[in-house]
Amino acid sequence: VPAIELENVVKEYVSHGEVVRAVKGVSLAIAEGEFFSLLGPSGCGKTTTMRMIAGFEEPTSGVVRLHGADVTNVPPNKRDVNMVFQSYALFPHMTVWENVAFGLKRKKVPADEIKRRVGEMLEIVHLQGRERRRPQELSGGQQQRVALARALVNRPRALLLDEPLGALDLKLRQHMQIELKRIQREVGITFVYVTHDQSEALTMSDRIAVMREGVVEQLADPREIYERPANEFVAGFIGTSNVLKGTIQQVTGGTAVLALSPVDRILVPVDGTASAGDAITMTVRPEKIMISTEQPEGDLSVVRGTVSEVVYLGTYNSYTVALADGAEVTVFQQNAHDSSVTAERGDTVWLSWQPRHSYV
Ligand code: ADP
Ligand code: MG
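The opening residue of the sequence shown carries number 21 in UniProt numbering; numbering runs sequentially from there.
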């Protein structure tokens, strides 16, 4: 039985007499113990989806199930989930210890059990020794850990986190990403994580649902999402991607040849339904492309272009290359070897990549 299940969930708001369709029929199932992310640009319906799982928002239609039980109309306090917000909402006048113990005290849990569970939880979030501090005496990252401990100490079966690291600076955010993943592994409960940051979702998640305008565009593990984006939107939203369009010239043994110009030749793996004359949109990641000043040999996709920009980025260079048909291709090249080409703006270069790195 999935920990969390949404079946054709729709949410419409009425705002100033107009209907806003925030979520347009989302169906998904999240497994027990999974680290699951909802990823998408601002306004795509992530928070609304999360609030329907938590029970703060009732769906206009559709069904929400937790561990197999229909909770569509069950209030939040009767659901076995907890939510952590971006604004940590800690009690400022209480110490760290009191903040974490608050929920257990209210539930009249025996004092010695509270002591044990709060102690255990502070250890998991690495806040031992800071029990007596107040929130304002802690860094942003530490406050985030208190909020996490306070939610986890109740032992919910699922924890919902809505952009919980949004207020932290980049370095701390990256550190907390790894921490969150560790904590999730240690407590072993289902995490549903909302973010608009693709690298964050890729780092932490077992699976990701990529959303756009109230719809799930792709649901898969990070590798699949990165290497096999379902459409142009996903390809463009996750990392940097090159999208090329062309017409199939011929198909031989599962490989289609696209020709952009007489010197260019793109090889694309295709299924049996593809045939000459078909229009194709394909993607290739910048780090899969090799750049050279001489025409490469072998069974590679090869295109020629003119370097329009070079950006030095420390561990790698980013080249922008304009092709004959006006399309622009981004290429990342590691600065690992002395032999790396040093193409400059205005140079004519050859770009090549393995056919399997073209994805239709
Ligand atoms: P996200 O979390 O992905 O940024 P939201 O779920 O907050 O997106 O919002 C999705 C859409 O629903 C947006 O267009 C937003 O303006 C709208 N919306 C969200 N909450 C309300 C509300 N209470 N009333 C009216 N419109 C809302
Ligand atoms: Mg939001």
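Glycine residues also receive a C-beta, built at the ideal position from the N, C-alpha and C atoms.
Sorry if obvious, but does the Cβ on residue i come closer than 7 Å to a heavy atom of the ligand ADP?
{"i": "residue 339", "result": "no"}
{"i": "residue 35", "result": "yes"}
{"i": "residue 19", "result": "With the chain covering only 21 through 380, there is no way to say anything about residue 19."}
{"i": "residue 381", "result": "Residue 381 cannot be examined here, being either before or after the span of the chain that is shown, 21 to 380."}
{"i": "residue 62", "result": "yes"}
{"i": "residue 42", "result": "yes"}
Is any heavy atom in the ligand MG found nearer than 7 Å to the beta carbon of residue i?
{"i": "residue 67", "result": "yes"}
{"i": "residue 104", "result": "no"}
{"i": "residue 182", "result": "yes"}
{"i": "residue 46", "result": "no"}
{"i": "residue 290", "result": "no"}
{"i": "residue 39", "result": "no"}
{"i": "residue 235", "result": "no"}
{"i": "residue 230", "result": "no"}
{"i": "residue 380", "result": "no"}
{"i": "residue 214", "result": "yes"}
Let me check one thing: in DSSP terms, what residues is residue i bridge-paired to?
{"i": "residue 38", "result": "35"}
{"i": "residue 342", "result": "326 and 348"}
{"i": "residue 44", "result": "30"}
{"i": "residue 310", "result": "372"}
{"i": "residue 379", "result": "303"}
{"i": "residue 246", "result": "Partner(s): none; residue 246 has no beta bridge."}
{"i": "residue 254", "result": "Answer is none; residue 254 lacks a bridge partner."}
{"i": "residue 57", "result": "213 and 228"}
{"i": "residue 381", "result": "Past the edges of the chain, shown from 21 to 380, lies residue 381, and the structure says nothing about it."}
Indicate the three-state DSSP secondary structure (helix, strand or coil) for residue i in the structure shown.
{"i": "residue 238", "result": "strand"}
{"i": "residue 301", "result": "strand"}
{"i": "residue 324", "result": "strand"}
{"i": "residue 200", "result": "helix"}
{"i": "residue 219", "result": "helix"}
{"i": "residue 155", "result": "helix"}
{"i": "residue 193", "result": "helix"}
{"i": "residue 25", "result": "strand"}
{"i": "residue 384", "result": "Outside the modelled stretch of the chain, which goes from 21 to 380, sits residue 384, for which no answer is possible."}
{"i": "residue 150", "result": "coil"}
{"i": "residue 229", "result": "strand"}
With burial defined as no fewer than 16 other Cβ atoms inside 10 Å of the residue's Cβ, what is the status of residue i: buried or exposed?
{"i": "residue 127", "result": "exposed"}
{"i": "residue 317", "result": "exposed"}
{"i": "residue 242", "result": "buried"}
{"i": "residue 182", "result": "buried"}
{"i": "residue 55", "result": "buried"}
{"i": "residue 372", "result": "buried"}
{"i": "residue 156", "result": "exposed"}
{"i": "residue 332", "result": "exposed"}
{"i": "residue 184", "result": "buried"}
{"i": "residue 195", "result": "exposed"}
{"i": "residue 319", "result": "exposed"}
{"i": "residue 377", "result": "buried"}
{"i": "residue 137", "result": "buried"}
{"i": "residue 284", "result": "buried"}
{"i": "residue 125", "result": "exposed"}
Using a Cβ cut-off of 8 Å (strictly closer), state whether residue i contacts chain B.
{"i": "residue 117", "result": "Although the question refers to chain B, the structure presented lacks it and comprises just one protein chain."}
message: Runs of 4 residues minimum, wholly inside the segment 64-147: which ones carry the alpha helix (DSSP H) assignment?
response: Counting whole runs of 4 or more residues, the segment 64-147 contains the alpha helix (DSSP H) stretches 66-74, 116-126 and 131-144.
field: Start-end ranges of the beta strand (DSSP E) lying completely within the segment 346-377, minimum 3 residues
entry: With a minimum length of 3 residues, the continuous beta strand (DSSP E) runs that stay inside the segment 346-377 are 348-354 and 368-373.
- request: Mind listing, in chain order, the continuous beta strand (DSSP E) runs of no fewer than 3 residues lying wholly within the segment 263-290?
  value: If we require 3 residues or more, the beta strand (DSSP E) runs fully inside the segment 263-290 come out as 275-278 and 286-289.
- prompt: Hey, which unbroken runs of the alpha helix (DSSP H) at 4 residues or more fall wholly within the segment 156-181?
  reply: You should have 160-172.
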